[in-house]
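If you count the sequence shown from 1, you need to add 58 to reach my numbering.
Just so you know, even glycine gets a beta-carbon here, dropped at the ideal spot from N, CA and C.
Just so it is clear, the structure is predicted and the values come from calculations on it, not from any experiment.
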Amino acid sequence: MTAAISVRRAPVYVSTLAILLLFCFNPAALSATCMPFHDASNGVPDARSTMIEIPAGRFMMGSNSHYPEEAPSREVSVGAFMISSHEVTNSEFAAFVKATGYVTTAEKSVPPDKYPDLPEAYRVPGAMVFVMPADTLPQLVPSMWWVFTPGANWRHPSGPASTIEAHDADPVTQVSWEDAKAYAKWRGHDLPTEAEWEWAARARGDVPSDDLQPDANIWEGIFPYFDTASDGYHGLAPVGCFKPNGYGLYDMIGNVWEWTEDLYRPSHSPDPSFVEDPRYPQRRVIKGGSWMCSNTYCGRYRPSARQPGDADLGSSHTGFRTVLRSY
């Protein structure tokens, strides 16, 4: 959660830089061909539709050369499974809600007995929304561009005035881990484990783990001030608009962070003394980075990258995909 802060006026050179960055915009990217869109709004999708088989294997998971939470790199085994070829879309999630009447976390108030110290302003239905700063900030900390927004939910991802109309093919956002689990169960699926997700993203080494200029929907420019959108998108892109990896999976890096099954630990090191921080109950691992990741601030659009996500809180840059293990 975040509170309002006062910021100083942007210096002249920032405005000048903004103008220069506009010339880096690539209009040709807007004409990129996206994958054929599957409209799921008319019924329950088949359990294996939009799924791709991933073989069993062993690989070196994690990284010793980037962020501390990714270490240590170690060899793990993964069984065969199927995984969604793309992130779950607004259309697919809408079919789930229509069939079940499900109400997401962001559409419900926080009960009085949950998080006793939580201010009343944050107990109303809502979720976290990214707000690009209008001025320079005294320091770069996420609480300065993330705002808890009443009325934000999967239908209104940026707040009550926003809509997903004409965005059926965009990945659904503002869904908590609990919401993602409920959708997966409805499909007869589950969420991928962190190891499954990373194995699928690496595609037998098809995706370089340190690629700082990937073919993906990321932030180009100076985060969080200027996104040149040279890839054709400022914000979410419809699923499947960028080159798939070697398994044929779209948007495994960039676009939206994706929920996994695993509880989050601050590193891969086994630590029997580790105790979940009571301020962040039931944090889960999210993978893949989002359109907000850039090589000037957050280089987490890599298969080994990982972050914690509060299991009962939605955000405007987090979605998910599902797996099927028995088929």
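Quiz item: Quick one: Cα of Ala227 to Cα of Cys299, how far?
Solution: 10 Å
Exercise. For my contact list, Thr162 and Asn211 are in at a C-beta cut-off of 8 Å; report their separation, rounded to the angstrom.
Key: 6 Å
Practice problem: Buried or exposed for Thr164, please, with buried defined as at least 16 other CB atoms from any protein chain shown within 10 angstroms of its CB. | Solution: Sequence check: residue 164 is Ala here, not Thr. That one is buried.
Quiz item: Buried or exposed: where does Asp193 fall if 16 or more other Cβ atoms within 10 Å of its Cβ makes it buried?
Solution: exposed
Quiz item: Quick check: the segment 233–244 against the segment 197–209, are there 3 or more CB pairs under 8 Å?
Solution: no
Self-check item: Terminal residues of the beta strand (DSSP E) in which Thr318 lies
Solution: Trp315 to Leu321
Quiz prompt | Rounded separation between Ala126 and Cys356 - CA only | solution = Reading the sequence as shown, one finds Pro at residue 126 and not Ala. Whole-angstrom Cα-Cα distance: 14 Å.
Quiz item: Tell me, which residues are paired with Pro208 by DSSP?
Solution: Gly184
Quiz item: Can you find at least 3 beta carbon pairs, one from the segment 352–370 and one from the segment 305–325, that sit closer than 8 Å?
Solution: yes
Exercise. Put Pro126 into one of helix, strand or coil per three-state DSSP.
Key: helix
Quiz item: DSSP state of Phe139, grouped into three classes?
Solution: strand
Quiz item: Relative to the C-alpha of Tyr180, which residue among Ala152, Ser142, Gly120 and Lys166 is closest?
Solution: Lys166
Practice problem: Report yes if the C-beta distance between Ser107 and Met119 is below 8 Å; otherwise report no. | Solution: no
Practice problem: Tell me whether Ala105 is buried or exposed, calling it buried when 16 or more other Cβ atoms sit within 10 Å of its Cβ. | Solution: exposed
Self-check item: Residues that Gly386 bridges to, as DSSP identifies them
Solution: Coverage of the chain is limited to positions 59 through 385, which leaves residue 386 absent and any answer about it impossible.
Quiz item: In the structure shown, what three-state DSSP assignment does Thr147 receive?
Solution: strand
Practice problem: From the DSSP output, in three-state form, read off Glu111 for me. | Solution: strand
Quiz item: What span of residues does the beta strand (DSSP E) with Lys239 cover, start to end?
Solution: That residue, Lys239, is in no beta strand (DSSP E); its alpha helix (DSSP H) goes Trp235 to Arg245.
Quiz item: Where Leu195 and Phe284 are concerned, what is the direct C-alpha to C-alpha distance, given to the nearest angstrom?
Solution: 13 Å
Quiz item: Exposed or buried, Val297, counting other C-beta atoms within 10 Å across all chains shown (16 or more means buried)?
Solution: buried
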